[in-house]
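Reviewing the structure listed below.
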Amino acid sequence: MTENILNPPRASQRTRRLRDLAANNSTLLVALLLLVVFGLTASNFLSANNIFNIFRQMSVVATLGIGMTVVILIGGIDLSVGSVLFLSGSLTAAQLDAGYPITTALVVGLGSALLVGLLNGVLIEIVGISPVIATLGTLIGVRGLALVLINNAQIQVTDPFIEWMAVTRTPGIPSINLPGLQFMVLFVFILYAIMAIFMRQSQFGRQVYAVGGNPVAARLCGVPVHTIRMLAYLLCSFTAGIAGILMIASTAVVSPNLGVGSEFYTIAAVVLGGTRLSGGVGRVEKTLLGAFILYMVLNYMTLRRIPTEWQQAATGFLLLGAVLLDRFAQRGRSS
Amino acid sequence: MSLTGMQAWQKACNLIIKGDSWESSFLTLFFGIEGFVVESAPPPLLDMQNISKRFGSVIALDQVNFAAQRGEIHALIGQNGAGKSTLMKILAGAYLPDSGSIHLDSIPVQFQHPRDALRQGIGIVYQDLSLVPKLGVAENIFLGREPGGLFIRQNEILERAKTILQRLGVGDIPVQVRVETLSLAQQQLVEIAKVLAYEPRLLVLDEPTAALAQEETDLLFGILRGLRAQEIAIVYISHRFKEILQHCDRATVLRNGQVIKTFPLAAVSEDELIELTIGEKIEHFFHTTQEPAPKQETSGAVLEVENLSIGRAVQNVSFALQRGEIVGITGLLGAGQNALARALFGVIPEVSGTIRVKGQPVLLTSPKQAIRLGIGLLTEHRKTEGLVLEMNVRENITLPSLRRFRRAALFNANRREAQAAQAYIGQLHIKAPSMNTKVNTLSGGNQQKVILAKWLLRDLDVLIFISPTQGVDVGAKAEIYEELRALAAAGKSILVVSEELIEILGISDRIIVMDRGRIGQIFARADATEEALTSVMQGIREVVS
């Protein structure tokens, strides 16, 4: 009798714990599942060469995703990252082209990105414009401004440091020129590792979750809500600035369309990573997984020679599917 | 035929005949006769039998029997976590029971969805208001079932809303204004009107008076008595025993998912109710004895307020709070006590007058600054103002004190943070599976303790509580009172704002009664009685000897 009462809950507790585990790591499960399915159905997919290729392709959007995740965590959104990327990349390239040293070029590029972040923060937190409108404005305006500043010119990037970032290297065996990890890919992984720890361990990280989860309660706890939000927008523009440098490293040339539409791929990666758009819930490192899933699917479709217009359609529906899946998982957990 | 025999027979019949209308009425008829023969009471309107529900390994309800008659106000009592909400959610169709049956008018029913329950005439007024603030009163009342086809007949909505409110005796609530402009009490009445518009046979009210002042509570019970006369069954959930004793007919006490007793309330005392609810005798629930608090000579006031005015809400208020003192502030809803408390925490910066903290005049402009000056605020809105629900117990407790756990300028020292949180979880007896449990899974009382822990860890000098025990069960209430007293004994100064006079009388060293924005009178504890406080609150300023 006692056993009859005690056994079923134990079993259900176990399945429940398993289900919670699965729900908490659904992004990882999806990534692994796709890896297996794609590996079985496309012969070259699982080669080291191709996986590294995916890493390289996703690195710019993944970098944008760091700041974007933080901005979404505080309950905001930043649509301007694609233009900030262009501003930072093109100004850096223009400085190099004009003969300035790499450090000056990087300071100008990243500094310009930070200025846009400051502008976004001021518009949203001090003037009180909604994040979507404010960053839509900077999305349109900043790209125009950047084009004016570089005279609408195409700029070749020939700086050795910038080139070095995109050189294919095999870690540990730098002398052999085999297809392998590039410095920029490693750099993105390192950035993510730092941010993952930072968001978990720092006062700023904790306060970001508090502000996103309940701004009223956070304010009543003495959390400087506006400051935290402004810092989030600054951080987002800063990572967009870094993404701009990585972008010109991988394309080696600045053209007017550089980074157009990348804000949407970035938001897609954040959402695929399970971060809640209303704020307060999510993990930076899961955005890396989200970006990996996104570019894995794109890569697979290229391997299978699916036309690009179909690729775009599929990407859109993948995003919707992921959101739906998350909804079901949450409903399953709450009932 | 014995009652259990009858139930078994009824069950057997239900298995054969699945409740088509003529068959059911046949059953009713049949059992009506059976009932007559054994001279038992008429079948109740609502009959829930052997309801069990478990969540994982937790048994929320264990073979619960609950019945409500037509024309009675039936109180459902129990601590938070006793199973009241689960039982009502099953009744509302929000949860499916694991076992057991529900009969409505002797007809077996099964609710798959809250809509089903509503269609069957079960109206539930939830504790958290479900109104749309930006919509008008009438639109809210008819939300989702507006008369008319493609185009809504606006005039009809307004007319019908007016009629319903008039029938409730609150015809003075305008039907066209946005709900957000109404007071909380009025919103509560609109919520009730909304449910009544469905013309329910059974009305469930989940702590409807938590936000109401005495006058509005009386109004509400007037309305409920009217509904009772119309043969509507009313289930009333509340933590306020006085109210229950005064207005309800019968009560069912739940404890740990089981029904302890169902009984008429005519010859029951408040103490008996408390004992039944918490399952043990408690002598020290309140300061029943008027022992003078062991007060050290006051070493100057910690917080002084001089001629403080906040718009029209508070006018020329002056008082001082000493070290180790508990001062209660009470008054009718809207008399200014809440605005006063919030202003002292820097939430309302537009004030005139002088505030001094430890003798130094200060300008309180933000909560952050108030905290730095050693002032903390706990409000009655735990979920919206007190907690970050998606964060866990530990993170909520340490949120205002993060600076203390910083290491190397940027990183929190996790182990020290965990130890600090754990210490307060132990000290305040916070019941949570672990400190990494999300706070939104805790009961109201435990959530309140988490908020208290958060300020205790911050080590402040002045703690301001607004309705500290609202929606908190009896056991947790006693613990919170005990903790307040311990804090005062440890030298903290405490300001308690509450409309519950018993609470104020039980806990305060001095009592400030507010009346329409001004201080009506300040009582020493020995001079304060419920009658005296009430008369000042109502604006009848008698001199109390």
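These protein sequence lines are chains A and B, in that order.
Start counting at 1 in the first sequence, then tack on 7, and there's your number in the working numbering.
Start counting at 1 in the second sequence, then tack on 306, and there's your number in the working numbering.
Don't be surprised by glycine CBs; every beta carbon is placed ideally from N, CA and C.
On a predicted model such as this, the values are computed, not experimentally measured, just so you know.
Residue i vs residue j beta-carbon contact at 8 Å
| i | j | result |
| --- | --- | --- |
| A/V164 | A/L103 | yes |
| B/Q754 | B/P774 | yes |
| A/A153 | A/L117 | no |
| A/I109 | A/F190 | no |
| B/L393 | B/A374 | no |
| B/F771 | B/V819 | no |
| B/D767 | B/S799 | yes |
| B/A645 | B/A619 | yes |
| B/G781 | B/H545 | no |
| A/G248 | A/V43 | no |
| B/I540 | B/L551 | no |
| A/L301 | A/A276 | yes |
| A/E270 | A/L86 | yes |
| A/A250 | B/V694 | no |
| B/G384 | B/L579 | no |
| B/I703 | B/K760 | yes |
| B/N253 | B/R700 | Absent from the model: residue 253 of chain B. The displayed extent of chain B is 307 to 851, so no value can be given. |
| B/G630 | B/A834 | no |
| A/V278 | A/V330 | yes |
| B/I447 | B/A366 | no |
| B/G399 | B/P420 | yes |
| A/Y240 | A/V68 | no |
Cα-Cα separation between residue i and residue j, rounded to whole angstroms
| i | j | result |
| --- | --- | --- |
| B/L669 | A/G280 | 45 Å |
| A/F52 | A/L143 | 37 Å |
| B/V344 | B/H409 | Reliability fails at B/V344, whose pLDDT of 40 lies under 50, so the model's placement of it is uncertain and no value is given. |
| A/G287 | B/R484 | 30 Å |
| B/P480 | A/G220 | 35 Å |
| A/V223 | B/I616 | 21 Å |
| B/S331 | B/G532 | Because B/S331 sits at a pLDDT of 47, beneath the cut-off of 50, its placement in the model cannot be relied upon, and the following sentence gives the value as read from the coordinates. Looking at the two C-alpha atoms, the distance is approximately 29 Å. |
| B/G652 | A/I84 | 30 Å |
| A/C243 | A/F299 | 20 Å |
| A/Q210 | B/L708 | 6 Å |
| B/V476 | A/R236 | 44 Å |
| B/A572 | B/D555 | 7 Å |
| A/I140 | A/V267 | 18 Å |
| A/S54 | A/F196 | 20 Å |
| A/R334 | A/V192 | 32 Å |
| B/G665 | B/A607 | 7 Å |
| B/I322 | B/I428 | Bear in mind that the predicted position of B/I322 carries a pLDDT of just 45, short of 50, making it too unreliable to give a figure here. |
| B/N613 | B/L627 | 15 Å |
| B/I463 | B/L474 | 17 Å |
| A/N28 | A/L295 | Correcting the residue identity first, residue 28 of chain A is Leu in this sequence and not Asn. The straight-line gap from Cα to Cα measures roughly 19 Å. |
| B/K468 | B/E452 | 15 Å |
| B/Y504 | A/F93 | 59 Å |
| B/G637 | B/M843 | 5 Å |
| B/L650 | B/E806 | 21 Å |
| A/S50 | A/A320 | 24 Å |
Neighbouring residues, chain B, relative to residue i (Cβ below 9 Å)
| i | result |
| --- | --- |
| A/R213 | M697, E701, T704, L705, L708, N718 |
Amino acids of chain A, ordered along the chain, whose beta-carbon sits closer than 9 Å to that of residue i
| i | result |
| --- | --- |
| B/R712 | S209, Q210 |
The ligand ATP heavy atom lying under 7 Å from the CB of residue i
| i | result |
| --- | --- |
| B/L684 | Annotation note on the ligand ATP: not contained in the displayed structure, which lists no ligands. |
Neighbouring residues, chain A, relative to residue i (Cβ below 8 Å)
| i | result |
| --- | --- |
| B/L853 | Absent from the structure is residue 853 of chain B, since the part of chain B shown begins at 307 and ends at 851. |
| B/T690 | N221, V223, A224 |
| B/L683 | L227 |
Closer than 7 Å at the beta carbon, the chain A residues around residue i
| i | result |
| --- | --- |
| B/I677 | G229 |
| B/P673 | R226, L227, G229 |
Whole-number beta carbon distance between residue j and residue i, since they are thought to touch under 8 Å
| i | j | result |
| --- | --- | --- |
| A/T22 | A/T246 | With 8 Å as the limit, A/T22 and A/T246 do not qualify as a contact, their Cβ atoms being about 40 Å apart. |
| B/V565 | B/E497 | Actually they do not touch by this definition, with Cβ atoms about 28 Å apart. |
| B/L801 | B/V633 | 5 Å |
| B/V663 | B/L679 | 5 Å |
| B/E723 | B/F711 | 4 Å |
Handout entry: Against chain B: residues of the stretch 216-228 of chain A by CB proximity under 7 Å
Key = Residues Y216, A217, G220, N221, V223, A224, A225, R226, L227, C228.
Exercise for the section: Note down, in chain order, all residues in the stretch 391-423 of chain B with a beta-carbon under 9 Å from any beta-carbon belonging to chain A. Expected result: Y401
Handout entry: chain B contacts made by the stretch 261-294 of chain A, where a contact means CB separation under 8 Å
Key = G287, V288
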